[in-house]
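Student: Got a structure for you, written out below as structure tokens; questions coming shortly.
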Amino acid sequence: MSWAWNSYADELATAVLLGVPTCLGLAWTFHNWRRRNRTPADVRRDVLLDGLLIASLLPYLYVTLSQGYGNQRTLSLMPFGELSASFASSQLAFSDVTLLNVGGNTALLLVFGALLPIRSRRSRTLGRVATIAALLSTAVEITQYALAVGRVSSTDDVLLNTAGAVAGALLTRNWWQPRSTDRPETVPIRDSWSYRSHDGS
Numbered sequence: 004m005s006w007a008w009n010s011y012a013d014e015l016a017t018a019v020l021l022g023v024p025t026c027l028g029l030a031w032t033f034h035n036w037r038r039r040n041r042t043p044a045d046v047r048r049d050v051l052l053d054g055l056l057i058a059s060l061l062p063y064l065y066v067t068l069s070q071g072y073g074n075q076r077t078l079s080l081m082p083f084g085e086l087s088a089s090f091a092s093s094q095l096a097f098s099d100v101t102l103l104n105v106g107g108n109t110a111l112l113l114v115f116g117a118l119l120p121i122r123s124r125r126s127r128t129l130g131r132v133a134t135i136a137a138l139l140s141t142a143v144e145i146t147q148y149a150l151a152v153g154r155v156s157s158t159d160d161v162l163l164n165t166a167g168a169v170a171g172a173l174l175t176r177n178w179w180q181p182r183s184t185d186r187p188e189t190v191p192i193r194d195s196w197s198y199r200s201h202d203g204s
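This is the structure in structure tokens:
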């Protein structure tokens, strides 16, 4: 797998080193522009999460939309089709190509999935994280095909990206899932008839 790392290491490092400060700066500018009725602590939290959330997509977009091999368009729409072929034998299953494909596609949206439910209250279920990740991955696969970047636009990539995002959300679940002690206690409403009978009326 060293060949793949050598191919992407410099570009990914540049994307992270330049992209993270840029995303944090843009998030800071945006939140300071609309900071009305918000505490400085809330602004700092949102700036950090938004910056990291956007920055987490930079390696994903670079890896998936950079020029691959040639200019051809290739579709693989059968779910688990590529995965089944990759695991058809032990030799293929443990090859660098299979490990890079499965591990890489699973890891691409891991950080995004970990941060999304922390940042957005509306995304604090695994189903919503999976839906957003699947839509994002599908949009990227369609873009791959439209731009003819020499990569395979695959349903399996969408499934692996989505699984990675859900795994990321599970890793941070303790930070975003409401605890039972945090839920408001429900007070039973007394029946009006029993209340009157106890009052003697």
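Residue numbering for the sequence shown follows our numbering, starting at 4 and increasing by one per position.
No residue lacks a Cβ here, since even glycine has one placed at the ideal position from N, Cα and C.
(1) The beta strand (DSSP E) with Val155 in it runs from where to where?
(2) Looking at Leu56: is its Cβ nearer than 7 Å to the Cβ of Leu113?
(3) With distance defined between alpha-carbon atoms, name the residue in Gln70, Asp159, Val132, Ala136 nearest to Arg176.
(4) Taking Leu78 as the reference, which of Val152, Thr32, Asp49, Pro181 has the closest Cα?
(5) Mapping the DSSP letters down to three states, classify Leu80 as helix, strand or coil.
(6) Assuming Thr146 and Leu61 are in contact, meaning their beta carbons sit under 8 Å apart, how far apart are those beta carbons, in whole angstroms?
(7) Within a Cβ cutoff of 8 Å, which residues of the same chain sit near Ala170, ignoring the five residues on either side of it in sequence?
(8) Quick check: what's the CA-CA separation for Val50 versus Thr42?
(9) Report all residues from its chain with a CB closer than 7 Å to the CB of Tyr148; omit the five preceding and five following residues, and keep chain order.
(10) Determine the contact status of Trp179 and Arg127, defining contact as a CB-CB distance below 7 Å.
(11) For a minimum of 4 consecutive residues, which ranges assigned as the alpha helix (DSSP H) are wholly contained in the stretch 66-150?
(12) So the alpha helix (DSSP H) Val50 belongs to, where does it begin and stop?
(13) Less than 7 Å separating the beta-carbons of Ala142 and Val161?
(14) How long is the line joining the alpha carbons of Phe90 and Pro181, rounded to whole angstroms?
(15) Work out the CA separation of Ser92 and Tyr65 for me, nearest whole Å.
(16) Let me check understanding here. Comparing Cα to Cα, which of Glu144, Ala166, Leu129 lies closest to Gly106?
(17) Alpha carbon to alpha carbon, how far is Gly84 from Ala96? Give it in angstroms, no decimals.
Tutor: The relevant details are as follows:
(1) If you number the sequence shown from 1, residue 155 lands on position 152. Run containing Val155: 155-157, per the beta strand (DSSP E) assignment.
(2) Here residue 56 is taken as the residue at index 53 of the sequence shown, counted from 1. Here residue 113 is taken as the residue at index 110 of the sequence shown, counted from 1. No, the pair does not count as a contact, with Cβ atoms beyond the cut-off.
(3) Residue 176 sits at position 173 when you count from the first residue of the sequence shown. The shortest C-alpha separation from Arg176 is found at Val132.
(4) Counted from its first residue, the sequence shown places residue 78 at position 75. The shortest Cα separation from Leu78 among Val152, Thr32, Asp49, Pro181 belongs to Val152.
(5) Position 77 of the sequence shown, counting from 1, holds the residue named residue 80. It is coil, neither helix nor strand.
(6) Working through the sequence shown from its first residue, we reach residue 146 at position 143. Working through the sequence shown from its first residue, we reach residue 61 at position 58. Incorrect: roughly 15 Å between the Cβ atoms, too far for contact.
(7) Taking the first residue of the sequence shown as position 1, residue 170 is located at position 167. Hits under 8 Å: Thr109, Leu113, Gly116.
(8) For the purposes of this step, residue 50 is identified with residue 47 of the sequence shown, where counting begins at 1. For the purposes of this step, residue 42 is identified with residue 39 of the sequence shown, where counting begins at 1. Cα to Cα, Val50 sits roughly 12 Å from Thr42.
(9) As a working note, residue 148 is residue 145 in the sequence shown. Contacts found: Arg76, Leu78, Ser156.
(10) In the sequence shown, counting from the first residue as 1, residue 179 sits at position 176. In the sequence shown, counting from the first residue as 1, residue 127 sits at position 124. Yes, the Cβ-Cβ distance between Trp179 and Arg127 is below 7 Å.
(11) 84-89, 93-96, 99-110, 113-122, 129-150
(12) In the sequence shown, counting from the first residue as 1, residue 50 sits at position 47. That run of the alpha helix (DSSP H) goes 43-58.
(13) The residue labelled residue 142 in the question sits at position 139 within the sequence shown. The residue labelled residue 161 in the question sits at position 158 within the sequence shown. Contact flag unset, no.
(14) Along the sequence shown, one-based indexing puts residue 90 at 87. Along the sequence shown, one-based indexing puts residue 181 at 178. Each residue's Cα considered, the two are about 39 Å apart.
(15) The residue labelled residue 65 in the question sits at position 62 within the sequence shown. The residue labelled residue 92 in the question sits at position 89 within the sequence shown. Answer to the nearest angstrom: the Cα atoms are 31 Å apart.
(16) As a position in the sequence shown, residue 106 is number 103, starting the count at 1. Measuring from the Cα of Gly106, the nearest candidate turns out to be Ala166.
(17) In the sequence shown, the residue the question calls residue 96 occupies position 93. In the sequence shown, the residue the question calls residue 84 occupies position 81. Roughly 14 Å between the two C-alpha positions.
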